[in-house]
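Protein chains in written order, with the working numbering: chain A, 414 to 1200; chain B, 91 to 356.
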């Protein structure tokens, strides 16, 4: 990287995440001005958005080529009090906590106390949600049966397609005007509501145009002020770019990047959407600009690389908005899950990898930044050299890019009813979530603790932590005559809690639609304009709601232990087992050892255990998939944990798989840590037995020592390993390439390992930023060697 | 029924022949190489069903469960077949190693036949120290031999590994005459097998043979499956100084200069 990029990158690495009160203050100013009360909710939201973009600080960092920050400076991170009003205690925790802190200044604290809390308390969506949901939902939530994604952050979970590279915001404005004039107020009783929605979107268009113009104006000023002739030329060029995009469709590579970045800032300023926002198939979108500019001599490969690197740094400057409580536990990271997609296939099914794919991979390798995340889609149409190039980057131990199976993603999306073209233009976002880019709202609603449900089943509906009856009375463990009887009871509890979660989802989705529409995001996702409907209210072409299952490995091993020891071998009765668990194996070490060691375990290609993984998968699928949501779409399942397997483990006592109470569950569809003893092919075979194509994403982590990647032969064989897993319909695989000794050294001397990035679950994180628990868990994860 | 004894079955073996393989480690070895990395291979063959394997524990269903007592060839190949998708993708297969697989000839033959029946590529990693007639019986069932050559000087060979190398060298000639595909494997034991004179002797012997695909140089590493308890042996092993990468490359070039294809590592 050149000197400019080195400096910008270092500045980004050095920037301390701070809590910015600017957005909260401006928003409160707007809402206390009385303007919001005179208009419809969507229009009020759009006006608030416009107010923010008119007033917020314009930040241009020295030497940068892509401009725009969400806060006043890099890593100045706003709050969203209309969604979640942080208490003063929250702020103290954010400031003081050793991991993932945000510096909270005294003035910020004061403003929160004097201005923000008094206005938003009781008005925030979080308050409304906890007011609206049933008691049984609250009980299950508190017990840790499930989490709720939408209580602190907005539905987003979506990715942009190619539309901004074809159209300027003036074009969108024309589309909006046409949509308004096409409304049928006589035949369509929703006409007025649609008009409000479309008007709101038009205001949001103006808001972004004004924001870009403010940057253009500031750039002109800076150009006048600078004494550096080269920089002056650059600043003038940038001013020109910002006055052209996003108003017009971009014409150059540079414009395309700057345009996306304004859009990105718009989305993450309007609301704190989950998974930030995401340009998606970047190597596809930018290719025409790249080729045209290279051909015309306007751009060199070196310049393209520099622009992409500048672009990368902008993502790294935007940490995930500060979360608190359970949400911090399920997703405790600065990463905001923007996952750049590379490779894959085109809408017509051709190999989509191109020269830009490889250039972007170079950028990923060189930048080694936490954000953005990146992935490569592998289709059978993509050449092996693409896979090997990705593995060469992975072997450097930085946890990126992750590897995805295009054919699986397409099949998953088509099964859900998407057109094959929309599916091929899609990919994965967040951790591993499959979606139709630019056309789908695929909202993750919360993690679901499969193992907690088993614990509750073993106690006939009682949560042993609280002795509260929180589930149904599913039967005295002493009276199950067979494993099938026991399983039927488990399934009954599962159905009970899934019903509660789905009912809660309906309540919460409606609150979002009613109170916090997203007119800006709605401009960007088809067919919100055509439908005259907000993104949060079902305006998108496809609307899915996910419940993310956590702990497939753990639940499988638990069921396997019950079946094997209680019903097959008869070494203990179920009530005896329950007693031992309740005592957390105290004085029952030999029982624990037998459960741990002498039990068929998931991850060893052992059908005894793997059949149970399939069985629980089928139950979970059947109880969720296809159930309608409020947005005209359906519920779907996926299997991923972020860091929630730690939190979920905390709330579950000792379990039949020999796991001590309070310790982490397995993550994604990976085996229980340390229980896979037969090597990676056995793990992959086990993982491939569940039907990935009926999910919207599964997550499999494999840890390898760097030695395995040390020569081209090793890379070749790993490539074969990946290809085989994908032939078996595996959705995703990621490698952690680091040895345990390195990790232990990093624990001892964290200051020396500040740059050590490891794969956590669906994302990578700085190892030293992880909690001790999570650090230990990553060390424990089986190191897959090879002979 | 023919049963046999194995001490491990390792999946995703990537240094025991082409592609992704499963390596079946068979018990019994006629040689006594003091530097052996798999000393458990030299435990006597277990001929009854009650004895336990070296691992002595746990429910590792698809791995060391097979290492307990005697197993049927069908059982082993059933495990091997679980990774057929990986073999197909990578042009891999199964490698029978040890120990010396030919010590359990009938068991080995049966497994080779089963693999042939399922179109699984087979490799046999052998010391070459077996009656020629017995080796001859498996030639047509084996897709690739991984043939170990250690010391070319017969006297030194006898001293270090306990037997003459004459049979080993004769058998290698016989295999190549019969059209077998062979990869020569030379474990680089510092000061013993990796001397220039020994490497030159290997070159001289191997060069004229038809059907030698490649020579693999296997660098010595201090990585043992088990703790060495004998203090004398421990001291002897500690004295072995692994060669540097540059030194191993120089050896590789020495062989390549004679037109041999060389690979470092398995």
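We treat Cβ as the ideally placed atom computed from N, Cα and C, and that holds for glycine.
message: Do residue 1046 of chain A and residue 958 of chain A count as a contact pair if the criterion is CB distance below 8 Å?
response: Cβ atoms of residue 958 of chain A and residue 1046 of chain A: closer than 8 Å.
query: Under a CB-based cut-off of 8 Å, is residue 803 of chain A close to chain B?
result: No, residue 803 of chain A lies away from the interface with chain B (no Cβ there is under 8 Å from its Cβ).
Range covered by the beta strand (DSSP E) that runs through residue 278 of chain B: From DSSP, the beta strand (DSSP E) with residue 278 of chain B extends over 272-278.
query: Between the stretch 888-901 of chain A and the stretch 982-999 of chain A, are three or more C-beta pairs nearer than 8 Å?
result: The stretch 888-901 of chain A, when compared against the stretch 982-999 of chain A, does touch it at the 8 Å Cβ threshold.
task: Look at the alpha carbon of residue 238 of chain B and the alpha carbon of residue 188 of chain B, and state the distance between them as a whole number of angstroms.
output: Distance between the alpha carbons of residue 238 of chain B and residue 188 of chain B: 12 Å.
- request: Assign residue 648 of chain A to one of two classes, buried (16 or more other C-beta atoms within 10 Å of its C-beta) or exposed (fewer than that).
  value: Counting the other CB atoms within 10 Å of its CB gives residue 648 of chain A a total of 16 or more, which places it among the buried residues.
- request: To the nearest angstrom, report how far apart residue 442 of chain A and residue 973 of chain A are at their CA atoms.
  value: Taking the straight line joining both Cα atoms gives about 58 Å.
Under 8 Å by beta carbon: chain B residues contacting residue 1136 of chain A: When 8 Å is used as the limit between beta carbons, residue 1136 of chain A is near these residues of chain B: 179, in chain order.
field: Start-end ranges of the alpha helix (DSSP H) lying completely within the stretch 140-226 of chain B, minimum 4 residues
entry: For the stretch 140-226 of chain B, whole alpha helix (DSSP H) runs of length 4 or above, ordered along the chain, are 163-171, 174-180, 195-207.
task: Check residue 628 of chain A in the structure and name its three-state DSSP category.
output: In the three-state reduction of the DSSP assignment, residue 628 of chain A falls in the helix class.
message: What does the Cβ neighbour count give for residue 117 of chain B, buried or exposed, with the cut at 16 atoms within 10 Å?
response: Per the 10 Å Cβ criterion, buried.
message: Cutting at 8 Å between CB atoms, please list the residues of its own chain near residue 512 of chain A, excluding the five before and the five after it.
response: Excluding sequence neighbours, residue 512 of chain A sits near 745, 1182, 1183, 1184.
message: Using beta carbons (cut-off 8 Å, strictly below), is residue 1141 of chain A in contact with chain B?
response: Cβ-Cβ to chain B under 8 Å: yes for residue 1141 of chain A.
field: Enclosing beta strand (DSSP E) for residue 747 of chain A [first to last residue]
entry: Taken as a continuous stretch (DSSP letters only), residue 747 of chain A belongs to no beta strand (DSSP E), as it is neither H nor E.
query: If we call anything under 8 Å between Cβ atoms a contact, is residue 98 of chain B one with residue 236 of chain B?
result: It is not a contact, given that the beta carbons lie outside the stated cut-off.
task: Assign residue 1125 of chain A to one of three DSSP states: helix, strand, or coil.
output: Here residue 1125 of chain A sits in helix by DSSP.
message: Counting only Cβ pairs nearer than 7 Å, list the residues of chain A close to residue 173 of chain B.
response: The answer, in chain order, is 1094.
Residue 918 of chain A in three-state terms, based on DSSP: If DSSP states are grouped into helix, strand and coil, residue 918 of chain A belongs with the helices.
field: Runs of beta strand (DSSP E) wholly within the stretch 773-828 of chain A (minimum 3 residues, chain order)
entry: Here the runs fully enclosed are 786-791, 815-818.
message: Against chain A, with Cβ distances strictly below 8 Å, would residue 144 of chain B count as a contact?
response: Caution is warranted here: a pLDDT of 33 is assigned to residue 144 of chain B, below 50, making its placement in the model unreliable, and the coordinate value is therefore given only provisionally. It does not: the Cβ of residue 144 of chain B has no partner Cβ on chain A nearer than 8 Å.
query: Under the three-state reduction of DSSP, which class applies to residue 840 of chain A: helix, strand or coil?
result: Strand.
- request: Count the other C-beta atoms from every protein chain shown that fall within 10 angstroms of the C-beta of residue 1016 of chain A, then say buried if there are 16 or more, exposed otherwise.
  value: With 16 or more Cβ atoms within 10 Å of its Cβ, residue 1016 of chain A is classed as buried.
- request: For residue 109 of chain B, go through chain A and note every residue whose CB falls closer than 8 Å to its CB, in chain order.
  value: Under the 8 Å cutoff, chain A gives 1130, 1133.
Element boundaries [beta strand (DSSP E), containing residue 862 of chain A]: DSSP places residue 862 of chain A inside the beta strand (DSSP E), whose first and last residues are 853-862.
- prompt: Should residue 494 of chain A be labelled buried (16 or more other beta-carbon atoms within 10 Å of its own) or exposed?
  reply: Buried.
- request: Taking residue 966 of chain A and residue 1079 of chain A to be in contact with their CB atoms under 8 Å, please state how far apart those CB atoms are, rounded to whole angstroms.
  value: The pair is a contact, with the Cβ atoms about 3 Å apart (cut-off 8 Å).
task: Take residue 902 of chain A as the anchor and find which of A/926, A/840, A/782, A/871 has the nearest alpha-carbon.
output: Measuring from the Cα of residue 902 of chain A, the nearest candidate turns out to be A/871.
Where residue 1228 of chain A falls, given that 16 or more other Cβ within 10 Å makes a residue buried: Nothing can be reported for residue 1228 of chain A, as the shown portion of chain A is limited to 414 through 1200.
- prompt: So which of A/715, A/751, A/822, A/742 has the shortest CA-CA distance to residue 732 of chain A?
  reply: Taking only the C-alpha atoms, the option nearest residue 732 of chain A is A/751.
- prompt: Do you know offhand how far residue 740 of chain A's Cα is from residue 503 of chain A's?
  reply: Looking at the two C-alpha atoms, the distance is approximately 13 Å.
query: Quick one, are the C-beta atoms of residue 307 of chain B and residue 254 of chain B less than 8 Å apart?
result: Not a contact, by the Cβ cut-off of 8 Å.
- prompt: Within the chosen definition, does the stretch 804-818 of chain A reach the stretch 457-464 of chain A through at least 3 CB pairs nearer than 8 Å?
  reply: Contact fails between the stretch 804-818 of chain A and the stretch 457-464 of chain A, because fewer than three Cβ pairs, one in each stretch, are under 8 Å apart.
message: For residue 445 of chain A, count the other beta carbons within 10 Å of its own beta carbon; 16 or more makes it buried, fewer makes it exposed. Which is it?
response: An exposed status is given to residue 445 of chain A, since fewer than 16 other beta-carbon atoms sit within 10 Å of its beta-carbon.
query: Three or more beta-carbon pairs under 8 Å between the stretch 794-805 of chain A and the stretch 1132-1144 of chain A, yes or no?
result: Yes, they touch.
field: Contact set for residue 1064 of chain A: own chain, Cβ-Cβ below 6 Å, skip 5 residues either direction
entry: Spatial neighbours of residue 1064 of chain A in its own chain (CB-CB distance under 6 Å, excluding positions within 5 residues in sequence) are listed in chain order as 557.
- prompt: Are the stretch 1101-1113 of chain A and the stretch 844-852 of chain A touching by the rule of at least three beta carbon pairs closer than 8 Å?
  reply: Yes, the stretch 1101-1113 of chain A is in contact with the stretch 844-852 of chain A.
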